[in-house]
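J.: Attaching a single structure in structure tokens format; questions to follow.
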Amino acid sequence: MKRVLVLICILAAVAAISAAAALILLNGRRDTGTTPEITTAETLDKFSNCVSKCSMDINEKKYIERGWTMIKRQDKTKGTYLEIYTNQQNGNISEYSYEVYDTAEQARAAYEEWYRTTKAERYVNSEDADWFKGEMPYVDDATIHALFYVEGNVVIIAELSVYSEWDGSRHDYSYREKYLLDHASEIREAVMDMVMEI
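Going letter by letter, the sequence shown gives residues 0 to 197 in numbering that gives the first Met the number 0.
Take a look at the structure:
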């Protein structure tokens with residue numbers, strides 16, 4: 000008799016767990032009965048490992064339509080990433096350069112490396128959780144004031160002003176700051192769409 004009761008209890012528990020799982024699944028769906036709404040984390044997953052999946056070799060350069068250049072780089076501190084830029088700057092995403100990584104964690108580590116180097120070699124004059132402004136390191140023939148922004152698996156770099164040591168010319172691109180701060184997510188999406196096309 001005890002064995003029968005134990006078996007009935009086990010079957011009842013399995014039935015209850017199955018019913019609870021079905022309710023959770025149904026509650027996760029929209030009223031239309033379609034699949035659950037995609038979360039931000041799931042959306043980011045579609046871009047995961049995009050650098051590893053890219054068929055380019057290290058230091059290989061690929062020219063994409065509309066004047067964009069993409070180079071697969073490997074750096075001992077930042078790892079493997081795609082460097083993306085264009086010389087045909089005509090507003091919006093063309094005003095910036097990009098470093099694309101496999102994951103948000105790798106991009107954050109690369110961003111932190113930019114921060115450490117900038118602070119050590121030059122200066123950082125303002126910062127927040129996902130961005131900082133300062134004088135760009137590794138540049139000897141010009142003084143470039145830049146904004147570095149990390150958004151998901153992308154580091155976005157905006158040159159805000161350039162002073163040439165060669166001819167003394169100055170260029171002001173400070174308007175880039177507001178657009179980047181207001182549209183970082185959209186900029187990242189556009190850049191990732193470009194990466195996914197190659």
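Glycine included, each C-beta is placed from N, C-alpha and C at the ideal position.
Only a predicted model underlies this, so the values are computations on that prediction, with no experimental measurement involved.
Specify whether the stretch 131 to 141 and the stretch 83 to 98 touch according to this definition: at least 3 beta carbon pairs, one from each stretch, less than 8 Å apart.
T.: No: fewer than three Cβ pairs fall under 8 Å.
J.: Whose C-alpha, out of Ile156, Val153, Glu134, is nearest the C-alpha of tyrosine 162?
T.: Start at 1 with the first residue of the sequence shown, and residue 162 comes out as number 163. It is Glu134.
J.: Per DSSP, which residues does arginine 169 bridge with? Please list them.
T.: Counted from its first residue, the sequence shown places residue 169 at position 170. Answer by DSSP bridge pairing, in chain order: Tyr162.
J.: Which word fits glutamate 98, buried or exposed, when buried means at least 16 other C-beta atoms lie within 10 angstroms of its C-beta?
T.: Position 99 of the sequence shown holds residue 98. Buried is the call here.
J.: Report, in whole angstroms, the separation of the C-beta atoms of threonine 76 and glutamate 112, which I expect to be a contact under 8 Å.
T.: Sequence index remark: in the sequence shown, residue 76 carries index 77 (1-based). Sequence index remark: in the sequence shown, residue 112 carries index 113 (1-based). Yes, they are in contact, since the Cβ atoms of threonine 76 and glutamate 112 sit about 5 Å apart, within 8 Å.
J.: Looking only at its own chain, which residues have a Cβ that is under 8 Å from the Cβ of arginine 121, when we skip the five neighbours before and after it?
T.: For the purposes of this step, residue 121 is identified with residue 122 of the sequence shown, where counting begins at 1. For arginine 121, where only same-chain residues beyond five positions count, the Cβ hits under 8 Å are Gly133, Glu134, Met135, Pro136.
J.: Ignoring anything shorter than 3 residues, give me the beta strand (DSSP E) runs that lie fully in the stretch 72 to 141, in order along the chain.
T.: As far as the stretch 72 to 141 is concerned, its whole beta strand (DSSP E) runs of at least 3 residues are 78 to 85, 96 to 99, 123 to 126, 130 to 134.
J.: Just to confirm the assignment, what range does the alpha helix (DSSP H) spanning lysine 177 have?
T.: Your numbering for residue 177 matches position 178 in the sequence shown. Unbroken alpha helix (DSSP H) run through lysine 177: 174 to 196.
J.: Taking all protein chains shown into account, decide if aspartate 166 is buried (16 or more other Cβ within 10 angstroms of its Cβ) or exposed.
T.: Within the sequence shown, the letter at position 167 stands for residue 166. Classification of aspartate 166: exposed, given that the 10 Å Cβ count is below 16.
J.: Could you check the C-alpha separation between asparagine 89 and tyrosine 172 for me, to the nearest Å?
T.: On the sequence shown, residue 89 is found 90 positions in, with the first residue counted as 1. On the sequence shown, residue 172 is found 173 positions in, with the first residue counted as 1. One C-alpha to the other measures close to 12 Å.
J.: With a Cβ-Cβ cutoff of 8 Å, do glutamate 158 and aspartate 129 count as a contact?
T.: By one-based count along the sequence shown, residue 158 stands at place 159. By one-based count along the sequence shown, residue 129 stands at place 130. No, Cβ-Cβ distance for glutamate 158 and aspartate 129 is not below 8 Å.
J.: Starting from the C-beta of asparagine 86, find all residues in its chain whose C-beta is less than 7 Å away, skip the five residues before and the five after it, and write them out in chain order.
T.: As a first step, residue 86 must be located in the sequence shown, where it is residue number 87. So the list reads Gly66, once near-sequence residues are dropped.
J.: Indicate whether at least one CB of chain C lies closer than 8 Å to the CB of alanine 141.
T.: Reference to chain C is not applicable here, since this structure consists of a single protein chain.
J.: Work out the CA separation of tyrosine 174 and cysteine 49 for me, nearest whole Å.
T.: As a working note, residue 49 is residue 50 in the sequence shown. As a working note, residue 174 is residue 175 in the sequence shown. Going from the Cα of cysteine 49 to the Cα of tyrosine 174 covers about 31 Å.
J.: Assign asparagine 152 to one of two classes, buried (16 or more other C-beta atoms within 10 Å of its C-beta) or exposed (fewer than that).
T.: To locate residue 152, count along the sequence shown from 1; it is residue 153. Counting Cβ neighbours within 10 Å, asparagine 152 comes out buried, since at least 16 surround it.
J.: Using the three-state DSSP reduction, which class does glutamate 64 fall into: helix, strand or coil?
T.: Position 65 of the sequence shown, counting from 1, holds the residue named residue 64. Glutamate 64 falls in the helix class under three-state DSSP.
J.: If we count the other Cβ atoms within 10 Å of its Cβ and call it buried at 16 or more, is lysine 52 buried or exposed?
T.: Taking the first residue of the sequence shown as position 1, residue 52 is located at position 53. Looking at its Cβ environment, which holds fewer than 16 other Cβ atoms inside 10 Å, lysine 52 is exposed.
J.: Between alanine 103 and the rest of its own chain, which residues show a CB-CB distance below 6 Å, the 5 nearest in sequence each way excluded?
T.: By one-based count along the sequence shown, residue 103 stands at place 104. Answer for alanine 103: Gly151, Asn152, listed in chain order.
J.: In whole angstroms, give me the CA-to-CA distance for alanine 189 and glutamate 196.
T.: The residue labelled residue 189 in the question sits at position 190 within the sequence shown. The residue labelled residue 196 in the question sits at position 197 within the sequence shown. So the alpha carbons of these two residues sit roughly 11 Å apart.
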